[in-house]
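Mapping the sequence shown onto full-length UniProt numbering, position 230 (from 1) lands on 230, and the numbers just tick up by one.
Think of the CB as a built atom: it goes at the ideal place given N, C-alpha and C, for glycine as much as any other residue.
The structure appears below as structure tokens.
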Amino acid sequence: MPPKVIGPYRVLETLGSGGAGTVYRALDRRTTDEVALKLLSAGPARDARAARRLAREFDTLVDLSHPNVVKVFESGVHQGVPYLAMELIEGLTLRHYLDLGSDDRISPPGGHTPRSPLSVLRTADDDFGPSSHRISDDSMDESEDSDDSPHDGTFGLEAFAEEAPSEDLESFAGGADLGSDDSLEGFALPPPTPRAPPPEGAPRDEDLNRPERLGRLKDAMLQICEALAYIHGHGLVHRDLKPSNIMVDDDRQVRLMDFGLAKFLADDAAITEAGKLVGTYRYMAPEQILGEPLDGRSDLYSLGVILYELLSGRPPFDANTPHELWRQVLETEPPPVLALNLHGDPQLARVAHRLIRKEPDDRFQTAEEVYEALSE
Ligand SMILES: Nc1ncnc2c1ncn2[C@@H]1O[C@H](COP(=O)(O)OP(=O)(O)OP(=O)(O)O)[C@@H](O)[C@H]1O
């Protein structure tokens, strides 16, 4: 049973649950405005680290103001449990927004502002789940994101509970010439065959490639680039970009959410957290897996994984264990999007592949550059 009242808010309904707590639709009794209220779980999941993350989410967002970044209003504590009040987004997470057959749940084009030159739901099916595991045992600062996972190099496999069945990507090895040149032009289009059989339940190419869906995908990507350009411009790295942390409202306006893991680059601790792994496995850049210093280019890698998945219907890397996934991310090339989806959009495919290059220097360097490449 959800609580009836949380601080000055009356709870109206449950919107969804994530790793740390539950998000409610609630009415601010002082203003009669509706808000989304994130309340941390009262059970074992609520610990000092979760509370710190919520506090950090508030501190991070309270000074930001951008149409594509969720707004926060206040934080508080209700019967000892911390909560965060934020802008209520009437819409869908990015994955559900671009689900095949979701057209009937969104408004027709025209209800949103077309992209101008850059002015400059957590759902059980989305991700591997957030992780914040130690990867070494040496003198780590407990004050940050480490959790109660074993510290011996093993990982909580519950984080993989939602993983899709793994695929044999070996068949692509050697056949995928992604080009070594930095430019999009340098990207070698994959040969039309051989092609691995799609896993059972995989979306059909013709559904993935419907022009209306691709239009929505591109528009959403442009808006995410605007949000990323803004937060990176403020010295912030999101560090946990994934489809369930992006919502699209009924007017097709995108919001970047869930800044509980975000870090300011100016904060030294943010870039010298060697040995700590924070983020969601599937979307983590190689340098994030290696515990190296992160910058905005790591978010761009995650954006590339999202784009790759939404174009091909499959993640670029897939495995049954974290270690195998990381090995693939660090050492292997993903199958070309256009080998998985023969008639996929070549421009979007090129952008996705350049975003998921292993070396940050080989990727687009800024969200503005991605925006421009998507607009070509
Ligand atoms: N501001 C909001 N407006 C409307 N719905 C929201 C809002 N914030 C979250 N939700 C809904 O609540 C769900 C849970 O959100 P929450 O941030 O707790 O978890 P998550 O991001 O899905 O997972 P995790 O935080 O564990 O990565 C979301 O998937 C979304 O459907």
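- For L61, the distance from the CB to the nearest heavy atom of ligand 1 is not below 7 Å.
- Residue pairing by DSSP places D295 in no beta bridge whatsoever.
- The C-alpha of L84 lies about 7 Å from the C-alpha of L39.
- Linking Y97 to V248 through their CA atoms gives a straight-line distance of about 7 Å.
- Taking the CA atoms as reference points, S65 sits about 11 Å from F73.
- Around the beta-carbon of L330, fewer than 16 other beta-carbon atoms lie within 10 Å, marking it exposed.
- Using a cutoff of 7 Å, the CB of D258 counts as near ligand 1, since one of the ligand's heavy atoms is closer than that.
- The beta carbon of T93 sits closer than 7 Å to at least one heavy atom of ligand 1.
- Note on geometry: alpha-carbon atoms of E212 and L54 lie some 37 Å from one another.
- The continuous stretches of beta strand (DSSP E) do not include M284, and DSSP gives it neither H nor E.
- Under the three-pair Cβ rule at 8 Å, the stretch 290-308 counts as touching the stretch 353-360.
- The residues M247, D249 and R255, in chain order, have a CB closer than 6 Å to that of I89 in the same chain once the five nearest residues on each side in sequence are set aside.
- Annotated three-state conformation of V70 is coil, per DSSP.
- In the three-state reduction of the DSSP assignment, R354 falls in the helix class, which pools H, G and I.
- Residue nearest to Y283 within the set Q253, F264 and P322 is P322 (criterion: CA-CA distance).
- Taken through DSSP and simplified to helix, strand or coil, H323 comes out as helix.
- Residue side-chain check: G76 keeps its Cβ at 7 Å or more from all non-hydrogen atoms of ligand 1.
- If you draw a straight line from the Cα of D258 to the Cα of N245, it is about 6 Å long.
- Assignment of beta-bridge partners to A36 by DSSP yields R25 and M86.
- Take V23, set aside five residues on each side of it, and the residues of its chain with a beta-carbon closer than 6 Å to its own are L15, G16, A36 and K38, in chain order.
- When DSSP states are grouped into helix, strand and coil, K242 belongs to the coil group.
- With a 10 Å radius around the Cβ and a threshold of 16 neighbouring Cβ atoms, R350 comes out buried.
- In this structure L340 touches R314 by the C-beta definition: roughly 6 Å separates them, less than 8 Å.
- Of the residues assessed, K4 falls on the exposed side of the cut-off, its CB having fewer than 16 other CB atoms within 10 angstroms.
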